[in-house]
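Each remark here refers to the structure printed beneath this line.
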Amino acid sequence: YYNMDQISMHNDLDGYAVGVTFTPLVEGGDPPFTVLNTYLYTGPNHLKVKEGQLRHLLKAVQPARYLFLGGDFNFVEDIDKDTTSASNAYSLTDGFNKAWEHFKEHFSLSEIPSDDHTRYDPNGKSSARLDRIYTSFNEVDLALLEPAILLPNVSHSTLHVTAHTGKRPRMANENSHSDHIPIHLAY
Numbered sequence: 239y240y241n242m243d244q245i246s247m248h249n250d251l252d253g254y255a256v257g258v259t260f261t262p263l264v265e266g267g268d269p270p271f272t273v274l275n276t277y278l279y280t281g282p283n284h285l286k287v288k289e290g291q292l293r294h295l296l297k298a299v300q301p302a303r304y305l306f307l308g309g310d311f312n313f314v315e316d317i318d319k320d321t322t323s324a325s326n327a328y329s330l331t332d333g334f335n336k337a338w339e340h341f342k343e344h345f346s347l348s349e350i351p352s353d354d355h356t357r358y359d360p361n362g363k364s365s366a367r368l369d370r371i372y373t374s375f376n377e378v379d380l381a382l383l384e385p386a387i388l389l390p391n392v393s394h395s396t397l398h399v400t401a402h403t404g405k406r407p408r409m410a411n412e413n414s415h416s417d418h419i420p421i422h423l424a425y
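Numbering (the numbering used here), first residue to last: 239 to 425.
In C-alpha cells:
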C-alpha cells in the first residue's frame, strides 16, 4: 500500500525522535503522509535542549500536507489547565514559547483536543497532560474526520485507568517503568 522511508535525523535526536514518510504505491491513490514520534528531553537545561531538538526537527522534516506529530513532549502549553503540579518545572521561557510556536506554524500543526492528563506522579500528588498528538489537518479535514484522543484501558498499560471508580490511576505493578497513560488517535 505504501513505501515507507525513515527520515534521517541529527544525532542529537537519537532516542528522542523518529519520523517516517509514507508514499502510496499506486499513483492517484491515498495521499502521502508523514508521522513523527517524539520524546522531548527532560533534565537539566531542558528548555534549551528542547529548543535545539525543535531546530533539528525543522531541518530534518519536510512540511507535508498530512503530518502527524505525537509523543511525550515533557512540557505543558497551558500551566493552569494542563497540570495539577505547583512546581515551576512546567513554566516555559519566552524563548522556548517562541520556538514552539514557530515549529507549529512551520508545519501548520494544531493539537487534537483532549483535557485528559496522561502523566501521573507515582505518589498521586500531581498529574499533567504531557502526551499529545498534533496534525496538519485543516478545518475541513477536522470537521469531516472528527479526530479524537482516547485513553485506552489496556491490560499491558503501565498505568491502570480506574475512571469508572473515581479513583486516581494506579501503577499496574511494582516493575512498571512508566508513569504515563498511552494515548490513541481515533476518527
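Cβ atoms here follow ideal geometry from the backbone N, Cα and C, with glycine treated the same way.
If you check the beta carbons only, do T280 and N312 fall under 9 Å apart? yes
Where do the N-terminal and C-terminal ends of the beta strand (DSSP E) with D369 fall, by residue? D369 to T373
Just to confirm the assignment: which complete beta strand (DSSP E) runs, minimum length 3, are found wholly within the stretch 257-305? 271-277
Can you tell me whether DSSP reads Y239 as helix, strand or coil? coil
Between the alpha carbons of A298 and I245, how many angstroms are there, rounded? 7 Å
Spatial neighbours of H248 within its chain, please: CB distance less than 6 Å, with the 5 preceding and 5 following residues excluded, ordered by chain position. H294
Closer than 8 Å is the cut-off here; do at least three beta carbon pairs connect the stretch 347-360 with the stretch 275-289? no
Please report the residue range of the alpha helix (DSSP H) in which A337 lies. D332 to H344
One or two residues paired with H422 in a DSSP bridge: L388
Given this structure, state the Cα-to-Cα distance separating L423 from L307, to the nearest angstrom. 11 Å
Identify, in the order they occur along the chain, each residue of the same chain with its Cβ nearer than 7 Å to the Cβ of A366, setting aside the five sequence neighbours on each side. V314, D320, T321, S323, Y328, H355 and R357
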